[in-house]
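Numbering (the numbering used here), first residue to last: 252 to 700.
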């Protein structure tokens, strides 16, 4: 997978972050009425599949799963097929391997890692994208997103869902009570965290029970501090995790993780907190929430919707602070692949590559599509709309989540590899050298070099 330099993405998405700050300062500035249902005039033609039964698997749960189910229901209406959602467990490659070994693979799966797509292709589990889905990709996607769904020059996947994973969401009341402004640099973030914690509200809610959130913390610090060239090399394991640039990033991250008073529940509480709770506990409790901030992507909006907080009023957002010369921009995404050579599986890929499908989920919030044909008005508030517009404006210039590019054994497995090493680091942030040694040993084994 060819990587690019990312100045345009940094510029576009950093500018979007500035717009978020300027445009969402209260008074409902971030709210607008979402459009109604799906478009009355479908922009993609689908075959009739009466009587056909399909299964779709993804690692989505809760409201994210519920929102995607609305997309599947529309597919059912248009085709006559019956679609069942089958929740998958991480790592999804292991889950799919078990299903395939048992002769019961789902028709379509959404893979959350580039490494998972590569592994699925190497295992000969997935089918190439058919001509109808490819036509939608050519029409609606930039070359960069198409390349992410290809292996060895063959198109295998459709990137249905994207993410800006360089955002910090904050409780407006907690910031106001402490007299804190959104920070623009890492130094300002640490100063704000000190002020917030001194005011009686822990600064940050960290979802340490889910190791993937910790990889995102590291990647944002590393990209900003070490720069895109080093980032690309580390993503490919062309430099070792014992490199001094990794030491610097972990040392920087320890400035936050090493302060027990900064973390909701301290390190032990953080390690017991799963991602959904990390969000909801930040936006409940009035001006005395469990924490004032939570870091993660645009999809945080899905979990904020489970609280009474209103995005654009009670829940605001700022770009991940600059550690080095530039603020980081890390993206992620979920790629849909066909695991059966069926007409129904290809039809669903075609639908997922169309703006018709993406706009249904966009209306629910907490979702961003890399599909450039999606109507911006489909997004339910200005925050989501600006994030989506900036993603499209970035074109082919972006940095994809590093752990998602890695072999799943290193970058995508609970209790192992990078996830486990960074959980251990959260428990003991002073052990930088030991963390580096564990990361390098696990990476060398997974990458085979």
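Ideal Cβ positions, reconstructed from N, Cα and C, are used throughout, including at glycine.
- Counted as a single uninterrupted DSSP element, the stretch harbouring residue 420 is not any alpha helix (DSSP H) but the beta strand (DSSP E) occupying residues 418-422.
- Residue 543 and residue 572 have their C-alpha atoms roughly 16 angstroms apart.
- Per the Cβ contact rule, the stretch 669-677 is not in contact with the stretch 373-386 (fewer than 3 Cβ pairs under 8 angstroms).
- In the structure shown, residue 546 adopts extended strand secondary structure according to DSSP, grouped into three states.
- Short of 8 angstroms from the beta carbon of residue 455, and not among the five residues preceding or following it, lie these beta carbons of its own chain, in chain order: 444, 507, 513, 514, 515, 542, 543, 544, 545 and 546.
- Counting other Cβ atoms within 10 Å of its Cβ, residue 533 reaches 16 or more and is therefore classed as buried.
- Using a 10 angstroms sphere on the CB of residue 622, the tally of other CB atoms reaches 16 or more, which defines it as buried.
- For the pair of segments examined, the stretch 294-308 was found to touch the stretch 320-335: the number of CB pairs separated by less than 8 angstroms reaches three.
- In the displayed model, residue 539 falls within coil according to three-state DSSP, outside both helix and strand.
- Between the alpha carbons of residue 429 and residue 538 lies a distance of about 10 angstroms.
- Taking C-beta separations shorter than 7 angstroms and ignoring five residues to either side along the sequence, the partners of residue 613 in its chain run 620, 625, 629 and 630, following chain order.
- Annotation note: the stretch 321-398 contains the following uninterrupted alpha helix (DSSP H) runs of length 4 or greater, listed N- to C-terminal: 343-352, 365-373 and 382-391.
- For residue 554, the enclosing alpha helix (DSSP H) stretches over residues 551-555.
- Taken through DSSP and simplified to helix, strand or coil, residue 681 comes out as coil.
- Sequence-distant Cβ neighbours of residue 579 in its own chain, meaning closer than 7 angstroms and more than five residues away, are 417, 471, 474, 475 and 571.
- The secondary-structure analysis by DSSP pairs residue 408 across a beta bridge with 588.
- The three-state reading of DSSP puts residue 305 in strand, counting E and B together.
- Here residue 650 is bridged, per DSSP, to 581.
- Annotation: the continuous alpha helix (DSSP H) that includes residue 530 extends over 526-531.
- Partner residues in a beta bridge of residue 611, as assigned by DSSP, do not exist.
- Spatial neighbours of residue 517 in its own chain (CB-CB distance under 8 angstroms, excluding positions within 5 residues in sequence) are listed in chain order as 511.
- For the options 413, 495 and 503, the alpha carbon positioned closest to that of residue 441 is the one of 503.
- For residue 566, the uninterrupted beta strand (DSSP E) segment begins and ends at 566-570.
- One thing to note: residue 464 has its Cβ within 7 angstroms of the Cβ of residue 526.
- As for any beta strand (DSSP E) of minimum length 3 sitting wholly inside the stretch 418-478, the runs are 418-422, ordered along the chain.
- Each residue's CA atom was taken as its position, placing residue 447 and residue 509 some 16 angstroms apart.
- Linking residue 639 to residue 372 through their CA atoms gives a straight-line distance of about 29 angstroms.
- Within the model, the alpha-carbon separation for residue 491 versus residue 434 is close to 32 angstroms.
- In the three-state reduction of the DSSP assignment, residue 562 falls in the strand class.
- For residue 497, the three-state secondary structure derived from DSSP is helix.
- For residue 573, the pairing in a beta bridge is given by DSSP as 436.
- Remark: C-beta atoms of residue 662 and residue 654 approach each other more closely than 7 angstroms.
- By the criterion of at least three beta-carbon pairs nearer than 8 angstroms, the stretch 551-563 is not in contact with the stretch 339-347.
- For residue 632, the secondary structure class from DSSP, reduced to helix, strand or coil, is strand.
- The beta carbon of residue 540 is closer than 7 angstroms to those of 422, 425, 452, 532, 533 and 534 in its chain, skipping five residues each way along the sequence.
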